[in-house]
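To start, the structure itself, in structure tokens.
In the working numbering, the protein residues as written are 1045 to 1159.
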């Protein structure tokens, strides 16, 4: 949940006029990219963050955990999904978490389609 809020805030900061002007004025001699718009500069920063995250993930040691092969039949997938949903709704704390997450994503979808 924190990553969603921080990502939302970072996106707003990156697209703001002051920060985007600073990013557009910044020249990277090692990378030959034509970045001419505020959205492109924001995407370049986000891509750099993803690259750093990928590099950090390489440092995570193998835990040895192996998962069973997943079903590919649509009916078995649907039954498994229904089971997972019933587990989420079974306890009040999980149910509240699911409801809040659903409201959060619904509000985000509404804002992106109507704003």
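Each residue gets a CB set at the ideal place from its N, CA and C atoms; glycine is no exception.
Go to residue i, then tell me how far its alpha helix (DSSP H) extends in each direction, as first and last residue.
i            : result
residue 1047 : 1046 to 1059
Taking 8 angstroms as the threshold (C-beta atoms), are residue j and residue i in contact?
i            : j            : result
residue 1091 : residue 1059 : no
residue 1121 : residue 1127 : no
residue 1079 : residue 1068 : yes
residue 1133 : residue 1147 : no
Can you check which of these residues, the options, is closest to residue i by C-alpha distance?
i            : options             : result
residue 1083 : 1108, 1144 and 1066 : 1066
Can you list the alpha helix (DSSP H) stretches of 4 or more residues lying completely in the segment 1081 to 1135, in chain order?
-> 1082 to 1102 and 1118 to 1134
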